[in-house]
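**Q** Structure incoming, see below.
Residue numbers (the numbering used here): -18 to 413.
Written out as structure tokens, the structure reads:
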């Protein structure tokens, strides 16, 4: 089997490339899921998703690679308290009766006090969410104050920062457009992308940053890091030609430590060992977990059904009593967290958190979204895997970069000719 060839390439190389493509597709699926969730919840195609990924990843790096100041930590703790209050007010309120129409113009706190005075609050549920909000705030505050664990500190800060970012974007850019044509909101997401681009350049500049999470550097103690010689090499799978035959090397210069790969011993039957980038393996499993969670969320929770109803018709959803504003706010907060997760995974390998790479990943993923279907969670997962495999296989059969970039779009065009709504898309029928 080790001597087999597939279109001129060794069988072992093709197998390794397909596995790498599946893992790369896992990262693409995670990005595509964020785009699909926003479209499924609000009917908007979010062109700012790539910049949300970059912003969240840089926020993670800020707390992971640096010792934040007391003022910065204090600010994150205040934001944690605000998020806890938001959870309490938006989710913990359950009315027993119908709220007066006049109260619809009240803000959240005024509505809470009014319902409490009129005995319209399910007090047992309210207490449960009050305790949950307080515990959440305390846990996040403790995590942010950690000095010994950069991972815990950075994760807590990135979680809160991404939630706040999603809430702010929804409140001041998307919510004012409720009831307006969908195209208006889509154009607004383009403006959000440019806004996040400018803010990121002002805060962090344009220098790529490496997040040493799935690397050998991340396993060292502070003393070992100080004693070890400086290195500018990370493990990045690079296809090169040596001796007239295509081989795979795993060294490319970039700032950071040495990235750890998983090695599967298959030389006896494939003619080569399979080496898999650790950050892609973890990214794939994260994508699987998120996929299962959101599939169950949209199918079996009242909030998931409310998001689907809101995306179908915002005005009609609000007229039947659904809290469209809170639904949109929660959906944007969840998608911001998903974008941060994808940005951090990308930042742990390859080119790191690069302003020229991370935001463009969302554009690379657009074929995966359209391939699977704009409203399909399953389609986002399958589309990402297909595009990942096609992209990786192209690297060993097509010499030019242009051809490698073109291949996913060729597959997309073929699929859309056969199924215009995507592999798992829903065909809409408008009755007159």
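Cβ coordinates follow ideal geometry from the N, Cα and C atoms, glycine included.
Taking the continuous alpha helix (DSSP H) assigned at residue 340, which residues delimit it?
**A** Per DSSP, residue 340 belongs to the alpha helix (DSSP H) from 339 to 353.
**Q** Quick one: Cα of residue 300 to Cα of residue 338, how far?
**A** Cα-Cα distance, rounded: 43 Å.
**Q** By DSSP, does residue 242 sit in helix, in strand, or in coil?
**A** Strand.
**Q** Out of 185, 3, 28, point me to the one whose CA is closest to residue 320's CA.
**A** Measuring from the Cα of residue 320, the nearest candidate turns out to be 28.
**Q** Just to confirm the assignment, what range does the beta strand (DSSP E) spanning residue 286 have?
**A** Residue 286 -> not in any beta strand (DSSP E); alpha helix (DSSP H) instead, spanning 283 to 293.
**Q** Tell me where the beta strand (DSSP E) around residue 255 begins and ends.
**A** Residue 255 -> beta strand (DSSP E) spans 255 to 258.
**Q** By a C-beta neighbour count over all protein chains shown, 10 Å radius and 16 as the cutoff for buried, is residue 85 buried or exposed?
**A** Below a pLDDT of 50, predicted positions are generally treated as unreliable, and residue 85, at 47, falls in that range; the measurement from the model is reported next regardless. It counts as exposed.
**Q** In the DSSP output, which residue or residues are listed as bridge partners for residue -14?
**A** -9.
**Q** For residue 313 versus residue 150, is the C-beta spacing smaller than 7 Å?
**A** Yes, they are a contact pair.
**Q** If you measure from the CB of residue 307, is any heavy atom of the ligand HEM nearer than 6 Å?
**A** In the structure shown, the ligand HEM is absent, as is every other ligand, since no ligand is present at all.
**Q** If distances are taken between C-alpha atoms only, which option among 161, 45, 324 comes closest to residue 193?
**A** For residue 193, the nearest C-alpha among the options comes from 45.
**Q** Using DSSP with H/G/I as helix, E/B as strand and the rest coil, what is residue 190?
**A** DSSP places residue 190 in strand when its eight states are reduced to three.
**Q** With distances taken Cα to Cα, identify the nearest neighbour of residue 268 among 172, 322, 306.
**A** Comparing Cα positions, the closest option is 322.
**Q** Measure how close the beta-carbons of residue 419 and residue 329 come, nearest whole angstrom, since I'm counting them as under 8 Å.
**A** Since the displayed the chain opens at -18 and closes at 413, residue 419 lies outside it and no answer follows.
**Q** Given a threshold of 16 other Cβ atoms within 10 Å of its Cβ, counted over all protein chains shown, does residue 8 qualify as buried or as exposed?
**A** Buried, because 16 or more other Cβ atoms sit within 10 Å of the Cβ of residue 8.
**Q** Taking a contact to mean a Cβ-Cβ separation below 7 Å, would you say residue 37 touches residue 143 in this structure?
**A** Closer than 7 Å, so yes.
**Q** Does DSSP put residue 334 in a helix, in a strand, or in coil?
**A** The answer is strand: DSSP assigns residue 334 an E or B state.
**Q** If you compare alpha carbons, which of 285, 173, 298 is closest to residue 153?
**A** With distances taken between Cα atoms, residue 153 lies closest to 173.
**Q** Rounded to the nearest angstrom, what separates residue 394 and residue 403 at their Cα positions?
**A** Those two C-alpha atoms are separated by around 10 Å.
**Q** Taking the alpha-carbon positions, what's the residue 347 to residue 397 distance?
**A** Looking at the two C-alpha atoms, the distance is approximately 13 Å.
**Q** Quick check on residue 415: buried or exposed, where buried means 16 or more other Cβ atoms within 10 Å of its Cβ?
**A** The requested residue 415 does not occur in the structure, where the chain is confined to residues -18 to 413.
**Q** Would you say residue 423 and residue 318 are within 7 Å of each other, going by their C-beta atoms?
**A** It is not possible to answer for residue 423, since the shown part of the chain is limited to -18 through 413.
**Q** Quick one: give me the first and last residue of the alpha helix (DSSP H) that residue 310 is part of.
**A** Element bounds for residue 310: 305 to 328.
**Q** Going by C-alpha to C-alpha distance, which of 366, 369, 360 sits closest to residue 460?
**A** With the chain covering only -18 through 413, there is no way to say anything about residue 460.
**Q** Determine whether the beta carbon atoms of residue 358 and residue 275 lie at a separation below 7 Å.
**A** Taking 7 Å as the Cβ cut-off, residue 358 and residue 275 qualify as a contacting pair.
**Q** Return the residue from the list 308, 95, 176 that minimises the CA-CA distance to residue 284.
**A** Closest option to residue 284, Cα to Cα, is 308.
**Q** If we count Cβ pairs, one from each stretch, closer than 8 Å, do we get three or more for the region 364 to 372 versus the region 340 to 356?
**A** With the cut-off at 8 Å, the region 364 to 372 and the region 340 to 356 touch.
**Q** Roughly how many angstroms lie between the CA atoms of residue 388 and residue 381, to the nearest whole one?
**A** So the two alpha carbons sit approximately 11 Å from each other.
**Q** CB-CB under 8 Å to residue 293, same chain, minus the five flanking residues each way: which ones, in chain order?
**A** So the qualifying residues of the chain are 24.
**Q** According to DSSP, is residue 162 helix, strand or coil?
**A** Residue 162 falls in the coil class under three-state DSSP.
**Q** Only counting the same chain, and skipping five residues up and downstream in sequence, which positions put a Cβ closer than 6 Å to that of residue 83?
**A** Per-residue confidence for residue 83 stands at a pLDDT of 41, beneath the threshold of 50, marking its modelled position as unreliable; the derived number appears in the next sentence. For residue 83, where only same-chain residues beyond five positions count, there are no Cβ hits under 6 Å.
**Q** Compute the Euclidean distance between the alpha carbons of residue 226 and residue -1, then round it to the nearest angstrom.
**A** Note that residue 226 scores 42 on pLDDT, short of 50, meaning its location in the model is unreliable; the coordinates nonetheless yield the value given after this. The straight-line gap from Cα to Cα measures roughly 19 Å.
**Q** Should residue -7 and residue 251 be called a contact, given that it needs their Cβ atoms to be closer than 7 Å?
**A** Cβ distance < 7 Å, so residue -7 and residue 251 count as in contact.
**Q** Tell me whether residue 47 is buried or exposed, calling it buried when 16 or more other Cβ atoms sit within 10 Å of its Cβ.
**A** The residue is exposed, with fewer than 16 neighbouring Cβ atoms inside 10 Å.
**Q** Whose C-beta lies closer than 6 Å to the C-beta of residue -3 among residues of the same chain, with five residues either side of it excluded?
**A** 255.
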